[in-house]
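Below: the structure, in structure tokens.
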Amino acid sequence: MEKISLYQAPRGTFDILPKEQAYWRYIEQKVVNICQLYGYERIDAPVFEDSQLFSRSVGKETDIVDKQMYTFKDRGGNSLTLRPEGTAPVCRAYLEHGLHNLPQPVRLYYLAAIFRYERPQSGRYRQHHQFGYEAIGDGDPTLDAEVIDMAWRFFTSLSLRHLSLQLNSIGCKKCRRQYLAALKEHYARSSKNLCSDCKTRLKRNPLRLLDCKKRQCQPIADSAPRSTDYLCSECEKHFSQLKRYLKLLKIPFTLNHRLVRGLDYYTRTVFEIQPEKATAQSALGGGGRYDDLIEELGGKPTPAIGFGAGLERIVLNLKKESAPIPPLPRPQLFIAHLGDAATEDAVKLAASLRKAGIAAVIAPAGKSLKSQLRQANSLGFTKAVIIGEDEVKSGTAIVRDMTTSQQKTVPLPQLERELK
RNA sequence: GUGAGUGUCGCCUAGAGGUCUAAGGCGCCAGGUUGUGGCCCUGGAGAACGAGGGUUCAAAUCCCUCCACUCACCCCA
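Numbering (this note's numbering), first residue to last: 1291 to 1710.
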């Protein structure tokens, strides 16, 4: 006999088994609550999109576009990509359906699988799940504050502790130019001491120089000019108002001039929420303003801001903090039956109970009563209905309370009332 | 893409050249008198030891290759 090796979930993917589901349902329920609380409405975009949507929006020089996209050609020859992030599809939908005709800003949220081709490790997968939300069509800092407040409230409502909010402003198209020039100049002076990655960053994507973690680059990054010192007067005003609102809301934030975020479309406000003892890939969520993106995708100039969080990392942290998770509801009633006639009655009974809205599970047929009750017990049922030969004859059933071991015989017509 | 570690029944683990036709715990299945669970007891099913190749009289145990998983770097959620 040949033994074929079993299939495994593809690298970087995983199954969410029933015993894990409580975490996911819990988080999703918190997502729905928070979004409802702030007036965000759900949107679901397709899993794949035109490849160019991402290369145009996320940025050619980003890792995501450069090496992490799951791209394929369909039979019609179109290049499609499994979405590597959530914002671009939402913007596409906003434009495609003319959502700019709604009162602005439009507040949308999503809960979606995200795909990135990377080497998996703790808290990092090739298919992972994000929840995110976007407020499109308003550039006012009140919206920045709202989006950050909402993220903060979301995490605290999950009772996750020890989080920090990192905040920065990277300016707009205009003022960033001067900043980048200063940054490049600073780095060029010490270019010989840079790591090889930073040498290419200097040419291709200078902002990213700041989040290099190589020891040799730290002093250079620390002493680098700060984007907040180069903000134009409008960006400066925007940022200081945001900080004012955050103080008003009593949201503790840490200014982090090295926070730049990985995607090219960000402008002005960027922020990230991390566990206190943050490591390289421990960020729970992040976001920022992207005032130019809608226009770059072919719309009218439209300011917007959004946030995204990784569900796997939330689960990871909930486990780490052994947070209490509400259990998922399960049927409490188990129907045991002994003998062919009883089995028939059990099948009918189960159907009529369910019709009345009572969840019930029927025991596997042809097993001893002992075995059936053993199963009821190990599956945690609190109540069992037992039908045997005698009960069939007398048109009754035994109702057994599995926690107290009390039981009584009930005529079938009264059973439903007894169980409610 | 780079580096390190790991790979024995569903899960956890023992085992370090012959005692292994692989052991234990959990879980699963069945039984412990007549139609009744949870504790206990008994029994059972279940792995040719990731795959392939070598060394050896002899390999789960040594060597090589591959694969998978984990962790780290890069970067992000």
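In this text, a Cβ means the ideal position worked out from N, Cα and C, and glycines have one as well.
- In the three-state scheme derived from DSSP, where H, G and I count as helix and E and B as strand, residue 1448 is classed as coil.
- Taking 8 angstroms as the cut-off, the Cβ atoms of residue 1385 and residue 1584 count as close.
- In the structure shown, residue 1337 adopts coil according to DSSP, grouped into three states.
- Contact between the stretch 1469 to 1478 and the stretch 1541 to 1561 is absent: fewer than three C-beta pairs spanning the two stretches fall below 8 angstroms.
- The beta carbon of residue 1330 lies closer than 7 angstroms to those of 1397, 1398, 1399 and 1423 in the same chain, with the five residues before and after it left out.
- Per DSSP, the beta-bridge partners of residue 1456 are 1544 and 1562.
- Its Cα nearest to that of residue 1316, the residue 1614 stands out among 1614, 1625, 1587 and 1632.
- Between the C-alpha atoms of residue 1684 and residue 1701 there is a straight-line separation of about 8 angstroms.
- The beta carbons of residue 1595 and residue 1580 sit about 7 angstroms from each other, so the pair counts as a contact at 8 angstroms.
- Taking the CA atoms as reference points, residue 1353 sits about 27 angstroms from residue 1445.
- With contacts defined as CB atoms closer than 8 angstroms, residue 1395 and residue 1535 fail to qualify as a contacting pair.
- Of the residues 1305, 1380 and 1319, the one whose Cα lies closest to the Cα of residue 1344 is 1380.
- In this structure residue 1565 is buried. Its beta-carbon is surrounded by 16 or more other beta-carbon atoms within 10 angstroms.
- Here residue 1558 is near residue 1462, since their CB atoms are less than 8 angstroms apart.
- Each residue's CA atom was taken as its position, placing residue 1619 and residue 1311 some 11 angstroms apart.
- Annotation: residue 1701 is outside any alpha helix (DSSP H); the continuous beta strand (DSSP E) that includes it extends over 1697 to 1701.
- With a threshold of 16 other beta carbon atoms within 10 Å, residue 1592 meets it and is buried.
- Where residue 1328 is concerned, there is no enclosing beta strand (DSSP E), although the alpha helix (DSSP H) around it starts and stops at 1308 to 1328.
- Contact between residue 1500 and residue 1514 is confirmed by a C-beta separation of about 6 angstroms, below the 8 angstroms threshold.
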